[in-house]
Amino acid sequence: MRQLLILFLSISCTVSLLAQPDTAVLLPAAEITTSPLRANFTGSQEQRWDSTDVNRYAGYYLTDLLEREGGIFIKNYGGGSIATTSIRGGSAGHTAVTWNGLPLQSPMLGQLDFSLLPLAFVDGVNLQRGGGSAAWGSGAIGGTVGLRNTPLSYRGMEAGAQTMLGSFGFQDHQARARYRGEQWAFNTRLFRRSADNDFSYRLDSGEERQQTHADFRQQGIMQEVYWQPRPDRQLAAFAWWQTSDRNIPPLTTQTRSQALQLDTFLRTALHYQQLSKHGVFNARLGWFREAIDYRDDAILLRALSHFHTLMAEVEQQWALSADLELQAGLFYNRATATADGYRGEQPEQQRAAAFASLRKEWDALRVQLSLRQERVDENWVPIVPALGANGPITSNLSWQAKISRNYRIPTLNDLYWLPGGNPDLLPEIGWSAEGGLNWQKGAWSYTVTGFHRRIDDWIMWGLTEGQNFWSANNLTEVWSRGLEQRLSCRFTTGEWQWEGQVGYDYIRSTNEIAIQQPRIAEGEQLAYTPEHLGFARISVSKDALQFTYQHRLTSAVQTLNDTELPGYHLGFAQLQYQLNWQKFTLQAFGRADNLWDASYRIVDRRPMPGRSFQLGINLFFKHKH
Amino acid sequence: MKQTFTILLLSIISVLSYAQTTADFENFDLEPGEGLNGSDGSGGFSSGNLFLPNSYNPDFNSWSGWAISATTDVTTPGFMNDLSAITGGGYNSTAYAVSFASPQSVIVLQGAAAGGAVEGFYVTNGTYPYLSMLEGDGFAKKFGGESGDDPDFFLLTIKKYLGGELSTDSVNFYLADYRFEDNSQDYIVEEWTYVDLSTLGNADSLQFTMSSTDNGMFGMNTPAYFCMDDLTTTDMPVSTRRVQLPAAYLNVFPNPAGATWYANWATDHEAEARLMNISGQVLQTFRLMPGTNAIEALTLPKGIYVLQVRTADGFLTKKLFKTNF
């Protein structure tokens, strides 16, 4: 009864709570959302952000974290508009995204709109670069982004609220309550964000113009319930509802726009986890329903589409001996979709997969082998293996390497959209290899990773001989290769603590087969794929005061309009002050985005805002039993 | 030399004295607001001495080639209004023809006009491309670009086919021209404007292609539509006209076909045959034997084809339909 009351309170109460650094770890199982053999593949480059890191980006979106700290290129169509990723020169559909272990990509588009992922709704993020299909299946070609939700790490409660106001009518309000008792834990999160986005931008001619019809509103609620009848087992239920209502601004070569897009989704999941002395067992069930309503009254267009997808997965990891671990699992997914483009049909896709992984450790060598076999409707996807290894060279230096085969299955639109859908499409598939060195000494660390990947049967929409409409075909092969470097250090001078990181990625991702329509030459860098990405970050703190400055550099890209967009530099600064009083904490912060007021574009004909400011306060209460 | 001159002189005199036929597209009896986009599966439209091929896909209600229209909407942008001319009607009339020339469109001269000269026609912009060039849309740029200074243009190019060969000569017409130094002179055609085609000479068919300065990886961004009215052809005198053989000489079955057409040539002598696609491009040339001849269709894309048969006595054409096997 008491639990029910608290659940009711946590849902209805708008005063709630923002994640604080979790300290006293009570239940290790609660932190493991998937088996370690899957999440941390030997030989991979992995970056992890916990709730402390995520909290630093309070009010921001997953894209902000990934591009500022992950060095990932985000193809952002402008404030509040669609945002997609390109990791290691892959396409938007080559990033797999999982939410507590379940894939989030739309079966219709094969990708995810990252502008709909508020960081307030996750407690942890990890980014795995490179191919991960053996573990995560379709789409894990460029990289995999994992989102985690976790219960409070101690018994007690947290509640908090945050408000941010900024330039161009920006408002963001969040509330969160988290409770953890003996057997039950609840998290409730709410957010609401809106902006007018009526920023000014400069044209090449020097003319100043104001953006119109670019306002948006987003709101969402997430409820998590964790039940732990015994210390070694946990059942978790998640429900995430969100809506987004945005006007689509005109292009710079368009007088006005009346287009708008409504996105609504409900994602629900159940997750059962059981620990034993032999290992960990996970069972997941997910049901998502997502809808997009695109309207343009000016051209009398209304495009409604929605899908639902049901997913089930079981996996078990066994510790066979101290140096030998085995993991195996089964995955099932059924997706159905409705859209005007399917002409009254309601295509359904059924996928089933089996996967397994084995890790063996010797003194100075750790090796992992994974395999996945997937069947999509009536077709077998070729079996995909991954083999990774790492080990020390000296006490400061270690190496790692991985070779894997990865794939992306065609989307429902690629297969069934009329005109142009092609039911005979094959999956995009290919091999990738990577190797790197990690060096660490005292406060300094440096990593360098080289990668090489070929993806064959790359799906593109094009004109084929004798057809007067565009259709999807396995048109080309893409060769991606590059080098990633990161240098980090941290040190203390007097009362000041310093932390810094610089990163530089060189990425060549070229089309290997000349195509007529679309017109792409052999050896040409893919559109919207910068060759050079660099960033530097410095953070300094003293007592309650913290200052961060980040700088990013993105090189020129080729657009789809026979033009090149020049590269740009962007600066970001944040100053934060924290005040503690008994069980209350107050954080106040100020931020400046695009500090140097760069005039830049990520997508052709889509202007980006200049310098903007945000002020926020975050008040929370924390009580430990 | 003297002989050439005489022939030239004679032909000039004869052209001058030939009768003319104007295709005004009023023969479809359309009321204002109506349009025909080929959804009846007819494969095209005949008006005057013209045949305007249409390719209609019932699976996704889309058409290419030609449509006949009397729609009057001059304000709605976008592809849902793809049948309207920016003039709101035909040239001093109700009906007009609209072409979606992606990648090109063709007009076949038939009857008395086959192989003859074409005088010219009236052209204007469709409402869809007009408003797209004037104001921009989600795909194509506003002409002049961000600054208004981009030297943009939208060009219609007309060539002819004669004897299966495409002419190198062409007639160009700017449906929009923003290349002027003084931006106030930039224009997008919004009236019916006459295009003289007499320089092209005799033709079996006309080919229309469109180009613009707004291009991307996926081709031209500007919507590839234009509107036509009152195309005037010259009637060839019977003496110089290629004689049309009786249709009963050639029987093709099945038609439509998925894999093979069987052409029954009901004469006692061989003939030269050419299989062309709807653009007039020759795909195959072969001898047609008396009796039944097999014509391979399996590898051809779904669509409309033209079988042209020539003998010393005259010619015969037949439309062939290819379906998916």
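These protein sequence lines map, in sequence, to chains A and B. Numbered according to my numbering, the first sequence terminates at residue 625, and the numbering increases by one at each position without gaps. Numbered according to my numbering, the second sequence terminates at residue 325, and the numbering increases by one at each position without gaps. Yeah, the Cβ is synthetic: ideal placement off N, Cα and C, and Gly gets one too. The structure presented is a predicted model; accordingly, all values stated were derived computationally and were not measured.
Check: If we cut at 8 Å on Cβ distances, does serine 62(B) have a partner in chain A?; Outcome: yes
Check: Can you confirm whether threonine 252(A), when its beta carbon is compared against all beta carbons of chain B, has any partner nearer than 8 Å?; Outcome: yes
Check: Assuming leucine 418(A) and aspartate 59(B) are in contact, meaning their beta carbons sit under 8 Å apart, how far apart are those beta carbons, in whole angstroms?; Outcome: 6 Å
Check: Which bits of chain B does alanine 298(A) rub up against, with CB to CB less than 7 Å?; Outcome: Pro77 and Gly78
Check: Check whether the region 164–180 of chain A and the region 473–491 of chain A touch, using three or more Cβ-Cβ pairs below 8 Å as the test.; Outcome: no
Check: Per DSSP, asparagine 473(A) forms a beta bridge with which residues?; Outcome: Met460(A)
Check: If we call anything under 8 Å between Cβ atoms a contact, is glutamate 512(A) one with serine 539(A)?; Outcome: no
Check: Give the DSSP-derived three-state secondary structure of leucine 36(B) in the structure shown.; Outcome: strand
Check: Residues in the region 140–165 of chain B with C-beta within 7 Å of chain A's C-beta atoms, listed in sequence order?; Outcome: Lys141, Lys142, Gly145, Glu146 and Ser147
Check: In chain B, which residues lie less than 8 Å from isoleucine 520(A) when you measure between Cβ atoms?; Outcome: Met217
Check: Pull out every residue of the region 20–42 of chain B whose Cβ sits closer than 7 Å to any Cβ of chain A, in chain order.; Outcome: none
Check: Measure from the alpha carbon of leucine 241(A) to the alpha carbon of each residue in Trp287(A), Ala303(A), Asp204(A) and Gly279(A), then state which is nearest.; Outcome: Going by the sequence as given, residue 241(A) is tryptophan instead of leucine. Answer by Cα proximity: Trp287(A).
Check: List the residues of chain A whose Cβ lies closer than 8 Å to the Cβ of glycine 126(B), in chain order.; Outcome: Within chain A, no residue comes near glycine 126(B); the closest Cβ sits about 14 Å away, beyond 8 Å.
Check: If you follow the beta strand (DSSP E) that glutamate 135(B) is part of, which residue opens it and which one closes it?; Outcome: Note, glutamate 135(B): premise wrong, no beta strand (DSSP E); alpha helix (DSSP H) at 127–135.
Check: What three-state label does DSSP hand asparagine 27(B) in the structure shown?; Outcome: helix
Check: Just tell me which of Gln185(B), Phe321(B) and Asp73(B) has its CA closest to the CA of alanine 263(B).; Outcome: Phe321(B)
Check: To the nearest angstrom, how far is it from the Cα of aspartate 245(A) to the Cα of isoleucine 74(A)?; Outcome: 21 Å
Check: With DSSP collapsed to three states, give me the class of valine 164(A).; Outcome: The amino acid occupying residue 164(A) in the given sequence is methionine; valine does not appear at that position. If DSSP states are grouped into helix, strand and coil, methionine 164(A) belongs with the strands.
Check: So serine 599(A) and glycine 610(A) are in contact, right, with Cβ under 8 Å, and what is the actual spacing, rounded?; Outcome: 7 Å
Check: Can you have a look at proline 566(A) and say buried or exposed, based on whether 16 or more other CB atoms are within 10 angstroms of its CB?; Outcome: exposed
Check: Along chain A, which residues have their Cβ under 7 Å away from the Cβ of glutamate 296(B)?; Outcome: None at all; the shortest Cβ gap to chain A is about 15 Å.
Check: Could you tell me the distance, in whole angstroms, from the CA atom of lysine 583(A) to the CA atom of tyrosine 154(A)?; Outcome: 15 Å
Check: Leaving out five residues before and five after leucine 104(A) in sequence, what residues of the same chain have Cβ atoms less than 6 Å from its Cβ?; Outcome: Val97 and Leu112
Check: Compute the beta-carbon to beta-carbon distance between phenylalanine 154(B) and proline 129(B), rounded to the nearest angstrom, for a pair I have assumed lies under 8 Å.; Outcome: 7 Å
Check: For alanine 24(A), collect the residues of the same chain with a Cβ closer than 7 Å to its Cβ; drop the 5 residues on either side in sequence, then sort them by chain order.; Outcome: Residue placement at alanine 24(A) is poorly supported in this model, since its pLDDT is 29, which falls under 50; the coordinates still yield a value, given next. Here the set comprises Ser153 and Tyr154.
Check: Determine, using beta carbons only, whether threonine 338(A) and histidine 306(A) come nearer to each other than 8 Å.; Outcome: yes
Check: Interface residues of chain A around aspartate 59(B) at Cβ under 8 Å?; Outcome: Arg343, Leu418 and Pro419
Check: Pull up the distance between the alpha-carbon of proline 28(A) and that of serine 276(A), whole angstroms please.; Outcome: With a pLDDT of only 41 at proline 28(A), under 50, the local geometry of the prediction cannot be trusted, and no value is derived from it.
Check: In terms of alpha-carbon separation, which member of Val74(B), Leu298(B) and Asn221(B) lies closest to glycine 258(B)?; Outcome: Leu298(B)
Check: Buried or exposed, going by whether 16 or more other CB atoms sit within 10 Å of the CB of glutamine 317(A)?; Outcome: buried
Check: For glycine 126(B) and cysteine 227(B), what's the separation of their Cα atoms in angstroms?; Outcome: 6 Å
Check: Should threonine 317(B) go down as buried or exposed, given a rule of 16 or more other Cβ atoms within 10 Å for buried?; Outcome: buried
Check: Is the CB-CB distance between phenylalanine 168(A) and phenylalanine 199(A) below 8 Å?; Outcome: yes
Check: Where alanine 627(A) and aspartate 296(A) are concerned, what is the direct C-alpha to C-alpha distance, given to the nearest angstrom?; Outcome: As displayed, chain A neither begins before 1 nor continues past 625, which places residue 627(A) out of reach and without an answer.
Check: Tell me the DSSP secondary structure of leucine 615(A) in three-state form.; Outcome: strand
Check: Do you know whose CA, among Ile158(B), Thr193(B) and Thr292(B), lies nearest alanine 271(B)'s CA?; Outcome: Thr292(B)
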